[in-house]
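Q: Please read through the structure below; I'll follow up with questions.
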Amino acid sequence: MNSSRPYLVRALYEWIVDNDCTPHMLVNAEYRAVQIPQGFASDGQIVLNISPSAVRHLHMDNEAVSFEGRFGGVSHTLFVPIGAILGIYARENGQGMVFDLEAPSVEDEELEETPDDDGPPDGGQPPRPTGRPSLKVVK
1 MNSSRPYLVR ALYEWIVDND CTPHMLVNAE YRAVQIPQGF ASDGQIVLNI
51 SPSAVRHLHM DNEAVSFEGR FGGVSHTLFV PIGAILGIYA RENGQGMVFD
101 LEAPSVEDEE LEETPDDDGP PDGGQPPRPT GRPSLKVVK
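Positions 1 to 139 (the numbering used here) are the ones given, in order, by the sequence shown.
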């Protein structure tokens with residue numbers, strides 16, 4: 001059976017936007033194949049504002065979420081595999097959902113453009129953060 005995560009992410013995004021709130025996505029920045037601007041992640045995580053007014057060319061499918069966003073006034077293309085999404089919630093009230101950590105699937109590894117030569121020797125699995133993911137208030 002397919003993972004329910006991509007369907008839940010899309011549904012929660014629509015629900016948050018329909019209620020005139022700002023959707024934020026919590027991402028594991030150390031997950032394999034994640035493409036985000038360097039220097040913006042904290043403790044291996046990053047919170048991304050994915051509201052229609054903040055991003056361009058938002059595309060959500062069963063494999064990944066991709067879009068263009070501005071960081072420090074500079075436009076960047078971001079790519080977030082579904083397994084790297086730790087949560088999606090409304091900035092205004094915190095309502096949304098947090099997901100469990102997910103190991104990269106074979107499909108995620110195929111999405112990666114270049115091999116990870118610096119990867120750990122334990123079969124190429126990325127380092128897993130300790131503890132449960134936590135949501136942070138972004139102002």
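Note that the Cβ used here is the ideal one computed from N, Cα and C, for glycine as well.
To the nearest angstrom, report how far apart glutamate 63 and proline 6 are at their CA atoms.
A: So the two alpha carbons sit approximately 7 Å from each other.
Q: Taking the alpha helix (DSSP H) that arginine 5 belongs to, which residues open and close that run?
A: Start and end: 5 to 18.
Q: Hey, out of Gly96, His24, Gly87, Leu101, whose CA is closest to proline 52's CA?
A: Minimum Cα distance to proline 52 is reached at His24.
Q: Are the beta-carbon atoms belonging to leucine 78 and glycine 72 less than 8 Å from one another?
A: No, they are not a contact pair.
Q: Taking the alpha-carbon of alanine 84 as reference, which of Ile16, Val9, Ala29, Met1 has the nearest alpha-carbon?
A: If we check each option's Cα against that of alanine 84, Ala29 comes out closest.
Q: By the DSSP assignment, the beta strand (DSSP E) with alanine 143 in it spans what residues?
A: Residue coverage of the chain in this structure runs from 1 to 139, which leaves residue 143 outside it and unanswerable.
Q: Would you tell me roughly how many angstroms separate the C-alpha atoms of valine 80 and alanine 33, rounded to the nearest one?
A: Taking the straight line from one Cα to the other gives about 7 Å.
Q: Please report the straight-line C-alpha distance between isoleucine 88 and glycine 96, rounded to a whole angstrom.
A: So the alpha carbons of these two residues sit roughly 6 Å apart.
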